[in-house]
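Numbering (full-length UniProt numbering), first residue to last: 1 to 590.
As structure tokens, this is what we get:
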């Protein structure tokens, strides 16, 4: 169809560094954001070619086509006359998309869900969170204070100087300004924008217009659901109008209260796939399940709830708990996340701290700093040394336990957002491994499609999954070196758009291989032949220390040894470590 993607055989992966197997030869796929590429890349060419139906486009190409349509470029033969230079100059998001077949140059660990003293239930300054994040190994972070009337009135403005000061102080750390959106009719979500002169203006306007708390739009009604969709579309319009260079939305702790129904999640994704890109595969608050005597003895992730008036009635009781620290939507093989992936549309997972007040900390709010003072001033007063150790808090510092690893073309803000948008990411707990790289390639080829990508291959050709792990050699922040004892490959058929948008089952998805990796050291490869590519499918990967496993929620035939349901009051997060990757699609063509 004229839109196949050549494999780059002209460069070697770097096997010496487990986290950054980029080619490093400067082939220019990390476009300079000030001097747009003047050549059409393959994904743009495919998106412009209207003889190719939507169903045959990869997720990257479909996202590009949606952008072209929203910009009014597609819809007539004139589209094919648009030059790459004109397109790139007029529409910055073109620069945010990886060229297919190219690996990331660098892996950047981060956290998109962090609170400060500008949140009604937070405590720390921006610099406190950012310094700890940097010390614990993060490259990027997003400040996401709770949306509220007070935050919309003054908090968005107050936090910005702190963020700018932290950027100046910590020049190696990328610090985004965002907010935690009260999604109308649903849960919370991270919304953030690329730094720029209008970051405060755009976030403030968004919060005042679309926040469920500000607009009193929390109830589960069609009108409120429509307001959430409008908010996502509005963010896309701000990018199109170049008020901000980029904007992203990810849903937070999606299964915690059962109020993110499957159709709502699909509606968010479809509202603007450039903006709505995923949800937390693992929530924050991972210290909350530590047993009494050393911790809060609560539910891991604070997932200790039951259905309420706005909850989706189809969700079972088990969905209100974490499984191995991960959200039920992600942890269930053949469950809701897989039902989204089986449509062949992008939807990615992340893992974050949701840091508010951190476990084992000795600081506290000062005397006189209470809710009334916070409501008046838009923030709590700065924390002070508190003399007692807080063992009942449920949070870890950013980077202390949860990490989202993003594959980027370079170490800058737009490249991190580009990597997030394109699913070039994997997540882990407790520094379980040093590095993970996954690709699917045509058998006999040296290079394939990396995480988040789609391998276009001629029907009938043999393909294989390659998982490259770099085992951990360094102690984590609990002072032990984690051991990866098992890696699982999960495969699912792509069936296309569903007729029932509230489905949360992917009946053709299951674990197809479990590798015993105990005793493996250094960097090692696991290769799984996937057979001949006859119909579209996807693969994803997870790994574990093997301490706690049980048959998956949908049964042993689908997942023989998945994560265990976490016990409320007794869930030591350090004794139950997992990593998960995002998927890769395999799309056969004639």
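All C-beta atoms, glycine included, are put in the ideal place defined by N, C-alpha and C.
Closer than 8 Å to chain D by CB, residue i
{"i": "residue 356", "result": "Protein chains in the displayed structure number just one, and chain D is not present."}
Supposed contact pair residue j and residue i - C-beta distance, whole angstroms, cut 8 Å
{"i": "residue 354", "j": "residue 285", "result": "5 Å"}
{"i": "residue 429", "j": "residue 573", "result": "7 Å"}
{"i": "residue 173", "j": "residue 134", "result": "5 Å"}
{"i": "residue 303", "j": "residue 283", "result": "7 Å"}
{"i": "residue 449", "j": "residue 440", "result": "5 Å"}
{"i": "residue 541", "j": "residue 438", "result": "5 Å"}
{"i": "residue 244", "j": "residue 238", "result": "5 Å"}
Burial state of residue i, where buried means 16 or more other Cβ atoms lie within 10 Å
{"i": "residue 293", "result": "exposed"}
{"i": "residue 481", "result": "exposed"}
{"i": "residue 557", "result": "exposed"}
{"i": "residue 371", "result": "exposed"}
{"i": "residue 30", "result": "Residue confidence is low: residue 30 scores 35 on pLDDT, short of 50, so the model does not pin down where it sits. Its coordinate-derived value is still stated next. Classification of residue 30: buried, given that the 10 Å Cβ count is 16 or more."}
{"i": "residue 216", "result": "exposed"}
{"i": "residue 415", "result": "buried"}
{"i": "residue 180", "result": "buried"}
{"i": "residue 106", "result": "buried"}
{"i": "residue 104", "result": "buried"}
{"i": "residue 527", "result": "exposed"}
{"i": "residue 291", "result": "exposed"}
{"i": "residue 222", "result": "exposed"}
{"i": "residue 155", "result": "buried"}
{"i": "residue 516", "result": "exposed"}
{"i": "residue 444", "result": "exposed"}
{"i": "residue 272", "result": "buried"}
{"i": "residue 314", "result": "exposed"}
{"i": "residue 479", "result": "exposed"}
{"i": "residue 300", "result": "buried"}
{"i": "residue 580", "result": "buried"}
{"i": "residue 543", "result": "buried"}
{"i": "residue 387", "result": "exposed"}
{"i": "residue 620", "result": "In the structure as shown, the chain starts at 1 and stops at 590, and residue 620 therefore has no counterpart that could be examined."}
{"i": "residue 261", "result": "buried"}
CB of residue i within 8 Å of CB of residue j, strictly
{"i": "residue 152", "j": "residue 207", "result": "yes"}
{"i": "residue 463", "j": "residue 525", "result": "no"}
{"i": "residue 362", "j": "residue 389", "result": "yes"}
{"i": "residue 471", "j": "residue 434", "result": "yes"}
{"i": "residue 502", "j": "residue 492", "result": "no"}
{"i": "residue 538", "j": "residue 469", "result": "no"}
{"i": "residue 68", "j": "residue 47", "result": "yes"}
{"i": "residue 169", "j": "residue 127", "result": "yes"}
{"i": "residue 349", "j": "residue 453", "result": "no"}
{"i": "residue 202", "j": "residue 193", "result": "yes"}
{"i": "residue 392", "j": "residue 296", "result": "yes"}
{"i": "residue 399", "j": "residue 136", "result": "yes"}
{"i": "residue 188", "j": "residue 352", "result": "no"}
Rounded straight-line distance, which links the Cα of residue j to that of residue i
{"i": "residue 432", "j": "residue 484", "result": "7 Å"}
{"i": "residue 409", "j": "residue 373", "result": "44 Å"}
{"i": "residue 401", "j": "residue 577", "result": "10 Å"}
{"i": "residue 195", "j": "residue 397", "result": "23 Å"}
{"i": "residue 97", "j": "residue 423", "result": "Residue placement at residue 97 is poorly supported in this model, since its pLDDT is 33, which falls under 50; the coordinates are not used for a value here."}
{"i": "residue 275", "j": "residue 588", "result": "28 Å"}
{"i": "residue 583", "j": "residue 346", "result": "9 Å"}
{"i": "residue 177", "j": "residue 256", "result": "25 Å"}
{"i": "residue 532", "j": "residue 554", "result": "27 Å"}
{"i": "residue 421", "j": "residue 125", "result": "28 Å"}
{"i": "residue 64", "j": "residue 186", "result": "28 Å"}
{"i": "residue 132", "j": "residue 111", "result": "12 Å"}
{"i": "residue 234", "j": "residue 475", "result": "44 Å"}
{"i": "residue 494", "j": "residue 146", "result": "37 Å"}
{"i": "residue 311", "j": "residue 119", "result": "25 Å"}
{"i": "residue 335", "j": "residue 407", "result": "26 Å"}
{"i": "residue 139", "j": "residue 590", "result": "43 Å"}
{"i": "residue 496", "j": "residue 364", "result": "51 Å"}
{"i": "residue 143", "j": "residue 115", "result": "6 Å"}
{"i": "residue 324", "j": "residue 505", "result": "20 Å"}
{"i": "residue 94", "j": "residue 157", "result": "Low local confidence applies: a pLDDT of 30 at residue 94 is under 50, so the model's placement there is unreliable, with the coordinate-based value given in what follows. Each residue's Cα considered, the two are about 30 Å apart."}
{"i": "residue 319", "j": "residue 108", "result": "31 Å"}
{"i": "residue 240", "j": "residue 418", "result": "16 Å"}
{"i": "residue 548", "j": "residue 570", "result": "13 Å"}
{"i": "residue 552", "j": "residue 560", "result": "6 Å"}
{"i": "residue 380", "j": "residue 44", "result": "48 Å"}
{"i": "residue 534", "j": "residue 512", "result": "17 Å"}
Proximity test, residue i beta-carbon vs the ligand NAD heavy atom, cut-off 7 Å
{"i": "residue 139", "result": "As for the ligand NAD, it is missing from this structure, which has no ligand bound."}
Taking only runs of the beta strand (DSSP E) that begin and end inside the segment 146-200, which ones reach a length of at least 3 residues, in chain order?
-> 174-182, 188-193
Which ranges would you report for the alpha helix (DSSP H) in the segment 316-404 if only whole runs of at least 4 residues count?
-> 328-331, 336-341, 371-377
Beta strand (DSSP E) segments (min. 3 residues) lying fully within the segment 430-498 | 433-442, 454-458, 462-471, 486-493
Tell me the start and end of each unbroken beta strand (DSSP E) in the segment 196-277 that is at least 3 residues and wholly inside, in chain order.
-> 247-251
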